[in-house]
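Everything on this sheet refers to the single structure shown next.
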Amino acid sequence: MLSTSLKMRPPVSEFRPVPFIVPVPDLTPVVKLGSSDTEEVMNFLNERPVHTVAMASLITDNGIESELNRGIFYGYRDRTGSLEAVALIGHSTLVEARSDRSLRALAFKSRSSATPINLIMSSDDDADTFFAYYGNGALPPRMVADELLFETSFPFPVQECKWDLRPAAPDELDQIACAHAEVAFIESGINPMSRDRQGFLRRVLRRIEQGRTFVVFEDGRLVFKADIIAETPEVIYLEGVYVAREHRGKGIASSCLAKMCLHLLERASTVCLLSNASMPHAHRCFEKAGFQHTGSCRTVFI
0 MLSTSLKMRP PVSEFRPVPF IVPVPDLTPV VKLGSSDTEE VMNFLNERPV HTVAMASLIT
60 DNGIESELNR GIFYGYRDRT GSLEAVALIG HSTLVEARSD RSLRALAFKS RSSATPINLI
120 MSSDDDADTF FAYYGNGALP PRMVADELLF ETSFPFPVQE CKWDLRPAAP DELDQIACAH
180 AEVAFIESGI NPMSRDRQGF LRRVLRRIEQ GRTFVVFEDG RLVFKADIIA ETPEVIYLEG
240 VYVAREHRGK GIASSCLAKM CLHLLERAST VCLLSNASMP HAHRCFEKAG FQHTGSCRTV
300 FI
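In terms of numbering that gives the first Met the number 0, the sequence shown has 42 at position 43, counting the first letter as 1, and numbering is strictly consecutive.
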């Protein structure tokens, strides 16, 4: 399997929280964002389209106010009223902050989230800072992931792919969900089929129905899968790269990813994914498929 994400760093048993006291920041600039803010928020996010594709795609798919986002969008406005940060605070907390004061205020705001926070994700190490403010330095993370950002765009190296890569069909849900759950367990240490089977199946099925899951089947069995987790006209973000155990080590992932990206680059200028920093074999696969390492990201699991 080629997971596009994580492993624990450092082990929780080695984590030594250091409590600290931070004065409660002024939360007046923190505002709940609504549909009337959509254009402004999208313009803000599009200043760094690769790093903010997940939030932008959720807004495009669901609207800025939707239960499907599994959280609430908040903004931080400076003295002139301009956005200085945008965050989705909820199950997956995503943060794009341009200042420490906005990061700190949104972290304090997240303490009152009605939706339990499962993870905090940002570019570079902003997730660490956000989590420190959120937990007041006393809350140990369940897991921490260093991830490398890989991107590809035209000109794109074309390689032969003999496999019949295609969009998944709804009646293939069971095998795809099991494969995705396996990837998720490696990434987060939690099996979503055990925690919320029906909710997980609904989310996997929705992605299939959106045409965002690509698969290879042979003799009725799943060989390869990869998902589009987020999409804007500028960027497509992939996750959940999976190869069946008996087919691993044969170059299937790189050839299928290359074929998939060649198609996706017809509708976006960049395709990107994240890979655990400690998985060089996956990095070589992505590079063989035409990706280049361009940055880093941090995910903190709570």
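In this text, a Cβ means the ideal position worked out from N, Cα and C, and glycines have one as well. Note that the structure is a prediction, hence the values are computed from the model and not measured.
Buried or exposed for Gly219, going by 16 or more other Cβ atoms inside 10 Å?
exposed
According to the Cβ coordinates, are Met120 and Ala113 closer than 7 Å?
no
Can you grab the Cα-Cα spacing for the pair Arg165 / Phe213, in whole Å?
5 Å
Candidates Pro24, Leu44 and Arg247, of which the one nearest Asp99 by Cα:
Pro24
Going by DSSP, name the residue or residues bridged to Thr212.
Asp226
Whole angstroms is fine: what's the gap from Ser295's alpha carbon to Leu221's?
31 Å
Indicate the three-state DSSP secondary structure (helix, strand or coil) for Glu233 in the structure shown.
coil
Between which two residues does the beta strand (DSSP E) carrying His292 extend?
Gln291 to Phe300
Select from Glu265, Phe300, Ala257 and Ala267 the residue whose C-alpha is nearest the C-alpha of Phe285.
Ala257
How do the segment 99-109 and the segment 51-61 stand: do at least 3 beta-carbon pairs fall below 8 Å, yes or no?
no
How is Phe155 classed by DSSP in three states: helix, strand or coil?
coil
Hey, is Asp195's beta-carbon within less than 7 Å of any beta-carbon in chain C?
Of the protein chains in this structure there is only one, and it is not chain C.
What residue from Gly80, Glu238, Met41 and Arg141 has the CA that sits closest to Ala86's CA?
Met41
Leaving out the 5 sequence neighbours to the left and right, which residues in its chain are closer than 6 Å to Ile207 when beta-carbon positions are compared?
Ala167 and Pro169
Residues of its chain near Ser274, where Cβ-Cβ distance is below 7 Å and the 5 sequence neighbours each way are ignored:
Thr3, Glu146, Leu147, Phe149, Ala281, His282 and Phe285
Nonlocal neighbours in the same chain, by C-beta distance under 6 Å from Pro10, ignoring five residues either side:
Because Pro10 sits at a pLDDT of 39, beneath the cut-off of 50, its placement in the model cannot be relied upon, and the following sentence gives the value as read from the coordinates. Same-chain partners within the cutoff: there are none.
Cut-off 8 Å between Cβ atoms - residues of its own chain near Val203, not counting five sequence neighbours on either side
Leu172, Ile175, Ala176, His179 and Thr212
Beta-carbon proximity list for Leu200, same chain, < 6 Å, skipping 5 on both sides
Ala176
Do you know offhand how far Leu26's Cα is from Phe184's?
36 Å
Taking DSSP as the reference, what is the three-state secondary structure of Met0?
Residue confidence is low: Met0 scores 40 on pLDDT, short of 50, so the model does not pin down where it sits. Its coordinate-derived value is still stated next. DSSP places Met0 in coil when its eight states are reduced to three.
Lys108 to Tyr73 span [Cα, whole Å]:
9 Å
Going straight from the alpha carbon of Asp77 to that of Leu32, what length do you get?
15 Å
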